[in-house]
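**Q** The sequence shown begins at 3 in this note's numbering and counts up one residue at a time. Note that CB positions come from ideal geometry on N, CA and C, so glycine has one too. Sharing a structure, written as structure tokens. Questions coming.
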Amino acid sequence: MVNKVLAAFVAIDGLFATMGAVMLGFSVIVLNTCFNEPTEGEEAARDLLYRTFPLTAGIVNAIFTLLIFLVTLPALSTPARGWLKFAGYLIVADAIFTLIIGLDLWIITLRTKEVFHDIWIAQPAAIQDLLQTEFQCCGFFNSTSPAFVTDATCPSPAAAALLKGCSTPLTSFGNIFIDNIFTAVFGMVGIDVALIMATACLLKDRKERERFRYIDEKAGIRGSTF
């Protein structure tokens, strides 16, 4: 008969490994592409935001997650509880690590306008041009603060004064974009918590089976309930 507790643990453990692989792939790809020269405004805004993300921490966390998954394999191959307890402690540490990354991203949403202002003034005119064209705005707070870049969207001071500054549309774009990312990260924390619970259940199940086996052996019954 299939051990349902063990089967649930295996399923969640597989999801846990998938989570680590996804985080590793995302972090590596973004880190290798976010410094490329953008060709349009939304791409520029997205890549500039990516540069503020804790991508290196994401890579470290993903590798840690995959290493924990490897630790769970000997825990599954033996009825002993030592490896499983060790894996449980590591999963707790991983959940805290992932939560910190999610909180770091969430904090960015609380100061998106400030973050974009620092980004804006550090960009060359070509990038500011892309952002102004994409979001139909001139300057950052307004056309004079910081001053707009002359382009097709903002051809003159008079025309630029009629358009809003880029801070509002950029902040709106950034909040929506980062919300999706940190929500996904918090979802990964949920997987960590589910695996912690599955680990606790499996430990309890193994302890009970060990107790029943001991009782059977005391009664003279041979064999194992595992």
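Starting from VAL94, trace the alpha helix (DSSP H) both ways and give me its first and last residue.
**A** Its alpha helix (DSSP H) spans residues 84-112.
**Q** So what does DSSP say about SER147, is it helix, strand or coil?
**A** SER147: strand per DSSP, three-state reduction.
**Q** Just tell me which of ALA162, SER79 and LEU50 has its CA closest to the CA of ILE180.
**A** Comparing Cα-Cα distances from ILE180 to each of ALA162, SER79 and LEU50, the minimum goes to LEU50.
**Q** GLY60 lies in the alpha helix (DSSP H); which residues open and close that run?
**A** Counting along the chain, the alpha helix (DSSP H) containing GLY60 begins and ends at 57-79.
**Q** With a threshold of 6 Å on Cβ separation, who are the neighbours of LYS115 within its own chain once the five nearest residues in sequence on each side are excluded?
**A** Taken in chain order, the residues that qualify are SER169 and THR173.
**Q** At which residues does the alpha helix (DSSP H) containing PHE28 begin and terminate?
**A** Start and end: 6-35.
**Q** Determine the direct distance from the alpha carbon of VAL187 to that of ALA46, and round the result to whole angstroms.
**A** C-alpha separation (whole angstroms): 23 Å.
**Q** With THR135 as the anchor, note down where its alpha helix (DSSP H) starts and where it stops.
**A** That run of the alpha helix (DSSP H) goes 127-137.
**Q** What's the gap between the Cα of THR41 and the Cα of ALA23?
**A** The straight-line gap from Cα to Cα measures roughly 29 Å.
**Q** To the nearest angstrom, how far is the alpha carbon of ALA9 from that of GLY16?
**A** Each residue's Cα considered, the two are about 11 Å apart.
**Q** With a CB to CB cut of under 6 Å and the five nearest residues on each side skipped, what residues in its chain are close to ALA154?
**A** Result list for ALA154: empty, nothing under 6 Å.
**Q** Put THR201 into one of helix, strand or coil per three-state DSSP.
**A** Correct three-state label for THR201: helix.
**Q** Helix, strand or coil: how does DSSP classify PHE142 here?
**A** Coil, per DSSP.
**Q** Is it buried or exposed, GLU136, if we count other Cβ atoms within 10 angstroms and call 16 or more buried?
**A** Buried, since its Cβ has 16 or more Cβ neighbours within 10 Å.
**Q** Is it the case that the Cβ atoms of ASP207 and ILE93 are separated by a distance below 9 Å?
**A** Contact flag unset, no.
**Q** Rank TYR52, GLY27 and VAL7 by C-alpha distance to the C-alpha of ASN182 and give the top, closest one.
**A** Closest option to ASN182, Cα to Cα, is TYR52.
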